[in-house]
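S.K.:
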Amino acid sequence: MKLCCMGAGYVGGPTMAMIAYKCPDIQVTVVDVNEEKIAAWNSDELPVYEPGLFEIVKDVRGVNLFFSTDVEGAVAEADMVFVCVGTPTKKKGVGAGQAADLQYVEAAARVIARVSKTPKIVVEKSTIPVRTAEAIGTILKANSGVGKFQVLSNPEFLAEGTAIRDLLEPDRVLIGGERSREGDVAVERLASIYARWVPREKIITTNLWSSELSKLVANAFLAQRVSSINAVSALCEVTGADVDEVARAIGMDSRIGPKFLRASVGFGGSCFQKDILNLSYLCEHFGLPMVARYWQSVVHMNDWQKNRFRHKIVREMFNTVAGKRVAVLGFAFKKDTNDTRESPAIDVCRGLLEEGAVVAVYDPKVSREVIVRELDGVGGERDLSLEVCGSAIEAVQGAHAIAILTEWDEFRGLPYEEFYKVMLKPPFLFDGRNLLDHERLVKIGFRVYPIGKPPLILEQSAN
Ligand code: NAD
Ligand code: UGA
């Protein structure tokens, strides 16, 4: 069997690497219109950082996994084509700022229709609005002489930073298909690929629309939990409650569960916000404005939390950060990824630069180019007010404050005693991830501001 995946991004690359790894008899070709990305996939510097990914790619690349820019050739040869292209929020036109931009999905469908000379199963892996399979099916049938396509929905639930683990041991694999004999056959062909390593009871099948909608709803529920605990974090700060203690207490209720209750500076990533906005746009479209507003409030709460964090930095640093150096540790939207899309660090750094602070950023995996691109032009004389550092000690040198914005494990073990010595006094530490040992830091002399807990300040640290 030959598979082709259109889109060599955060989903296409790792997902296809796993299929190739688990199914040596299947030939998998991942194609992309971006030549640089394909060159990177064929090199030792993969464009995606994921723990364990490189080892798997190295094992199967050139054996039964191939990365290529020959989109048409690979699609033409394939029995099954996965569509893994981006579905960002529309920037202009009808639905701007809310609806999913489906131009890449449509372009992919048109390529498949144009070059297919044999019947194919087309698998939507991109996250799309419900009923997109209908549009893809219509484009395929209207433009192809063959006319034998089955469109399946197979949304991806992996999270960045844990992609390999999530792919190896998924909670479930969801496949939606047309309820017909041909549809059932196509669903079974795809299911039998996953069944090589995923227990059958975890492979669930539904109709197309349930599958498409489930993906949006899963992300909306996850994001809603983060916004809920972040809303609670604000209440904890003014009441003396501790958000971690509250999360533990409620999480032990098996109906609530312990996961996704970590209060933070806000959620980021390319999908939560985009998918909720998309879901709420769909609700508006189908005449359900109340439902749309309900989901939008999850995004509003997240925006509020990000703003609240940067306002706190300014307020606590005697109402001005102008000319003050703030060391920002972490720029990725979560640990173990080099992805910065919608990272809360972008909003916080932009806010600080606008206030006139000198922002010194260190992230273990995000490149200088990406950080500069995200913050381009914000600080006026950008070259002076933004500094991208190669280490944490470089960032904190001469700083007034440290802000922890990503929960990288290495930040726990940093020499904060040394940092104290090279920082201006009193040194502030804003822990946007509740990552560090706050008791220890306050003893060193930091004024510590966690999320969802009262600040920790010893008298002498004020001098
Ligand atoms: P990405 O931007 O990393 O990758 C998409 C790739 O598609 C790009 O490299 C782009 O050049 C390529 N592309 C666009 N048009 C193409 C075409 N016609 N032919 C070939 N390649 C083309 O995006 P991503 O993060 O991998 O997300 C892809 C989809 O998966 C989105 O719908 C997203 O919502 C969904 N998703 C993402 C994640 C995640 O963790 N990032 C998880 C689950 C689902
Ligand atoms: C999320 C979902 O978890 C995946 O199932 C889904 O496939 C993916 O979106 C997608 O559709 O793209 P991802 O965004 O990669 O995955 O990472 P998450 O672990 O969900 O974290 C998202 C954001 O929420 C991060 O900024 C993270 O720091 C934040 N978060 C998460 C919290 O602030 N607190 C938590 O308790 C959990």
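Just so it is clear: in the sequence shown, position 246 is 243 by my numbering, and no numbers are missing. The beta carbon of each residue, even a glycine, is placed where N, CA and C say it ideally should be.
#1: From the DSSP output, in three-state form, read off residue 313 for me.
#2: Alpha carbon to alpha carbon, how far is residue 116 from residue 129?
#3: With distances taken between CB atoms, is the gap from residue -2 to residue 28 smaller than 8 Å?
#4: Quick check on this structure: which residue in 356, 220, 25 has the alpha carbon closest to the alpha carbon of residue 77?
#5: List the endpoints of the continuous alpha helix (DSSP H) containing residue 233.
#6: Between which residues of its own chain and residue 405 is the CB-CB distance below 7 Å, once the five residues before and five after are set aside?
#7: So, with DSSP's three-state summary, where would you put residue 36?
#8: When every heavy atom of the ligand NAD is checked, does at least one fall within less than 7 Å of the C-beta of residue 184?
#9: Tell me, which residues are paired with residue 398 by DSSP?
#10: Let me know the secondary structure DSSP gives residue 95 once reduced to three states.
#11: The beta strand (DSSP E) spanning residue 173 covers which residue range?
#12: Is residue 177 helix, strand or coil when you go by DSSP?
#13: Can you tell me whether residue 8 is helix, strand or coil according to DSSP?
#14: Alpha carbon to alpha carbon, what distance is there between residue 187 and residue 13?
#15: What's the C-alpha gap between residue 346 and residue 443?
#16: Is the beta carbon of residue 123 within less than 7 Å of some heavy atom of the ligand UGA?
#17: Is the region 342 to 357 in contact with the region 269 to 279, if contact means three or more CB pairs nearer than 8 Å?
#18: Among residues of its own chain, excluding the 5 on either side of residue 503, which ones have a beta-carbon nearer than 6 Å to its beta-carbon?
#19: Kindly identify the DSSP beta-bridge partner or partners of residue 51.
#20: Cβ of residue 321 within 8 Å of Cβ of residue 355?
#21: Got a sec? Which residues, its chain only, sit under 8 Å from residue 69 by beta carbon, not counting five neighbours each side?
#22: Please report the residue range of the beta strand (DSSP E) in which residue 135 lies.
#23: Identify, in the order they occur along the chain, each residue of the same chain with its Cβ nearer than 7 Å to the Cβ of residue 6, setting aside the five sequence neighbours on each side.
#24: Using a Cβ-Cβ cut-off of 7 Å (strictly less than) and excluding sequence neighbours within five positions of residue 394, which residues of its own chain qualify?
#25: Is residue 70 near the ligand NAD, judged by its Cβ being under 7 Å from some heavy atom?
#26: Using 8 Å for Cβ pairs, my map puts residue 154 next to residue 119. What's the rounded Cβ distance?
#27: Is residue 425 buried or exposed, if buried means 16 or more other CB atoms sit within 10 Å of its CB?
#28: For the alpha helix (DSSP H) that contains residue 528, what are its first and last residues?
#29: Starting from the C-beta of residue 408, find all residues in its chain whose C-beta is less than 8 Å away, skip the five residues before and the five after it, and write them out in chain order.
#30: Would you say residue 362 touches the ligand UGA, meaning its beta carbon is less than 7 Å from a heavy atom?
#31: Would you call residue 100 buried or exposed, if buried means 16 or more other Cβ atoms sit within 10 Å of its Cβ?
#32: Heavy atom of the ligand UGA less than 7 Å from the Cβ of residue 216, yes or no?
#33: Starting from the C-beta of residue 270, find all residues in its chain whose C-beta is less than 6 Å away, skip the five residues before and the five after it, and write them out in chain order.
#34: Have a look at residue 11 and residue 73 and give me their C-alpha separation to the nearest angstrom.
#35: With DSSP run on the structure shown, which of helix, strand or coil describes residue 378?
#36: Once DSSP output is grouped into helix, strand and coil, what is the label at residue 89?
M.R.: Straight from the coordinates:
#1: helix
#2: 20 Å
#3: no
#4: 25
#5: 205 to 236
#6: 327, 332, 361
#7: helix
#8: no
#9: 323, 425
#10: coil
#11: 170 to 174
#12: coil
#13: coil
#14: 13 Å
#15: 21 Å
#16: no
#17: no
#18: Residue 503 is absent from the model: the chain starts at -2 and stops at 460.
#19: DSSP output for residue 51 lists no bridge partner at all.
#20: yes
#21: 108, 111, 112
#22: Segment 129 to 140 is the alpha helix (DSSP H) holding residue 135; no beta strand (DSSP E) there.
#23: 81, 83
#24: 419
#25: no
#26: That belief does not hold up - the Cβ atoms of residue 154 and residue 119 are roughly 20 Å apart, past 8 Å.
#27: buried
#28: Because residue 528 is not part of the residues shown, which for the chain are -2 to 460, the question remains open.
#29: 326, 327, 389, 401, 432, 433
#30: no
#31: exposed
#32: yes
#33: 296, 339
#34: 22 Å
#35: Residue placement at residue 378 is flagged as unreliable, the pLDDT there being 48, under the threshold of 50; the coordinate-derived value follows with that caveat. Of the three classes helix, strand and coil, the one that applies to residue 378 here is coil, per DSSP.
#36: coil
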